[in-house]
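A.B. asks:
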Amino acid sequence: GEFRQLDFDKLSVLGSGNGGTVHKVSHRRTSALYALKIIHRGHPGAADEVAVVRRVDSPHIVRCHSVLPTASGDSALLLELMDGGSLDSLVSGGFPEAALAEVAAQALSGLAYLRTRRVVHRDMKPANLLVSRAGQVKIADFGIAEVVSRAGTHRAAYEGTAAYMSPERFDTEPAHDGEEEVRVDPYAADVWGLGLIVLELLMGRYPLLPAGKKPTFPALMWAICFGELPAIPDGAASPALRDFVAACLQKDHRKRATVADLLAHPFVTGRDMAASRCALCQVIEQRCR
Ligand code: ADP
17 GEFRQLDFDK LSVLGSGNGG TVHKVSHRRT SALYALKIIH RGHPGAADEV
67 AVVRRVDSPH IVRCHSVLPT ASGDSALLLE LMDGGSLDSL VSGGFPEAAL
117 AEVAAQALSG LAYLRTRRVV HRDMKPANLL VSRAGQVKIA DFGIAEVVSR
167 AGTHRAAYEG TAAYMSPERF DTEPAHDGEE EVRVDPYAAD VWGLGLIVLE
217 LLMGRYPLLP AGKKPTFPAL MWAICFGELP AIPDGAASPA LRDFVAACLQ
267 KDHRKRATVA DLLAHPFVTG RDMAASRCAL CQVIEQRCR
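Letter 179 of the sequence shown, counting from 1, is numbered 195 in the numbering used here, and no numbers are missing.
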C-alpha cells in the first residue's frame with residue numbers, strides 16, 4: 017500500500033474500547049494528522065470491521081484512508097481525524113435544540129447511506145458519533161456492524177452496549193411451535209439508537225434510568241423494554257423535537273419510524289440550516305478544551 021505504520025508518529029491516545037486503541041498520529045513526510053485505530057487480530061469481528069470499513073465511503077461516515085498491515089498481524093485503520101472528538105464527551109450540560117437538529121440531520125444522512133450499502137451499525141451511541149470543529153457529524157466504529165443478507169441477520173443479538181440496545185434485541189427466543197415468527201427489520205435498531213442519542217443530548221445524561229446509579233443489566237433491560245420514557249419538562253423542547261424522539265423510541269419496532277420517515281420529519285426539515293450548524297459549532301467550541 018501507499019502508507020506504512022512506520023511513516024507515522026504517535027502523538028496521543030484518543031480513545032480505547034474493546035476492539036483496540038485509537039491514537040492520534042502525524043504522517044512524518046506531510047505532517048498531516050490522522051487517527052490510527054489498531055484492531056487486535058484475535059478480537060472477534062476484527063475481519064468484519066475491516067470488511068465493512070472498506071465497503072463504505074460517505075461524507076457522513078468517518079473515512080478510512082487505508083488499512084495498514086502490521087508486523088503482529090493486527091489491522092491498523094488509518095482514519096480521518098475528527099478534531100471535536102466523540103459526542104459522549106460533550107453530553108454534560110445538554111445541547112440546545114438547534115444543535116440537536118443538526119446532529120440528527122447529519123446522523124440520519126449517514127444512516128441513509130449505510131442502508132444503500134446494506135450495512136446495519138448496531139452500536140449507535142454518543143461515543144460513536146464523532147464531530148469536527150467545523151460542525152460535521154460522522155458515524156464511527158463498525159466493530160459490530162453487519163452487512164444484511166437476503167436471509168436477514170444471523171449474528172447474536174447480545175452485542176454492543178446494553179444501554180443503547182433496542183427492545184427487540186433483548187428478545188432472543190426463537191418463535192415457539194405455532195407462533196408466528198416476527199421478522200425484525202435490522203435497520204430499526206439504529207433508529208432507536210439515534211433517538212436515544214438525541215434524548216441524551218437534550219437531557220445532558222443517559223435518559224432511561226435515574227441519574228447517578230450504576231445500572232445492572234436486568235435494570236437496563238427492564239427500563240428499555242417496559243419503562244416509560246422520561247418526561248421532558250414543559251418548555252424544554254418543541255413539539256417537533258418531542259415527536260421526533262417518540263417516533264424513534266417506539267418500543268414496537270414495527271411502529272418505529274424509518275430513516276426515510278425521519279429525514280422528512282419537521283424537526284429535521286424545519287430547522288434553519290445555517291443557524292443549527294452554528295449552534296452545534298458553538299457547543300463543540302465551548303466544551304472542547
Ligand atoms: P472501539 O471499537 O474500541 O470502541 P472506537 O472506534 O469507538 O473504538 O474509538 C474509541 C474512541 O476513540 C471514540 O469514542 C473516540 O473518542 C476516539 N476516536 C475513534 N476514532 C476517532 C477519529 N477518527 N477521530 C477522533 N477520535 C476518534
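C-beta: ideal position from N, C-alpha, C; glycine also. These figures come from a predicted structure and were not determined experimentally.
Please classify Ile300: does DSSP put it in a helix, a strand, or coil?
C.D. replies: In the structure shown, Ile300 falls within a helical segment according to DSSP collapsed to helix, strand and coil.
A.B. asks: Given Ser148, which residues of its chain have a CB within under 6 Å of its CB, disregarding the five upstream and five downstream residues?
C.D. replies: Met98, Asp99 and Gly100
A.B. asks: Helix, strand or coil: how does DSSP classify Phe24 here?
C.D. replies: strand
A.B. asks: Among the residues of its own chain, which have a CB less than 6 Å from the CB of Pro112, if the five just before and after it don't count?
C.D. replies: The answer, listed in chain order, is Ala295.
A.B. asks: Given the structure, does Ala239 come close to ligand 1, in the sense that its CB is under 8 Å from one of the ligand's heavy atoms?
C.D. replies: no
A.B. asks: When the distance is taken between beta carbons, is Arg138 closer than 9 Å to Ala161?
C.D. replies: Yes, the pair counts as a contact, with Cβ atoms nearer than the cut-off.
A.B. asks: Where does the unbroken alpha helix (DSSP H) through Ala280 begin, and where does it stop?
C.D. replies: Per DSSP, Ala280 belongs to no alpha helix (DSSP H) and is neither H nor E.
A.B. asks: Please state whether DSSP places Ile213 in a helix, a strand or coil.
C.D. replies: helix
A.B. asks: Could you tell me whether any non-hydrogen atom of ligand 1 is closer than 8 Å to the CB of Leu106?
C.D. replies: no
A.B. asks: If you measure between the beta carbons of Ala117 and Lys141, is that distance less than 9 Å?
C.D. replies: no
A.B. asks: Check whether the Cβ of Glu162 sits closer than 8 Å to any heavy atom of ligand 1, and report yes or no.
C.D. replies: no
A.B. asks: Could you check the C-alpha separation between Pro60 and Asn34 for me, to the nearest Å?
C.D. replies: 10 Å
A.B. asks: Can you name the residues that DSSP bridges to Ile86?
C.D. replies: A quick correction: the sequence has Thr, not Ile, at residue 86. DSSP, once it has assigned bridges, lists no residue as partnering Thr86.
A.B. asks: Tell me which residues share the same chain as Thr37 and place their Cβ nearer than 7 Å to its Cβ, disregarding the 5 neighbours each side in the sequence.
C.D. replies: Correct list, in chain order: Val29 and Ile54.
A.B. asks: Please state the DSSP three-state secondary structure of Thr132.
C.D. replies: helix
A.B. asks: Just verifying my parser: in three-state terms, what is the DSSP assignment at Gly31?
C.D. replies: Of the three classes helix, strand and coil, the one that applies to Gly31 here is strand, per DSSP.
A.B. asks: Going by DSSP, what residues sit across from Tyr50 in a beta bridge?
C.D. replies: Val41 and Glu96
A.B. asks: Using only the alpha-carbon positions, how far apart do Asp73 and Arg79 sit?
C.D. replies: 6 Å
A.B. asks: What do you get for Gly176, buried or exposed, if any count of 16 or more other CB atoms within 10 angstroms of its CB means buried?
C.D. replies: buried
A.B. asks: Please name the residue, chosen from Tyr203, Tyr50 and Ala150, that lies closest to Ser292 on a Cα-to-Cα basis.
C.D. replies: Ala150
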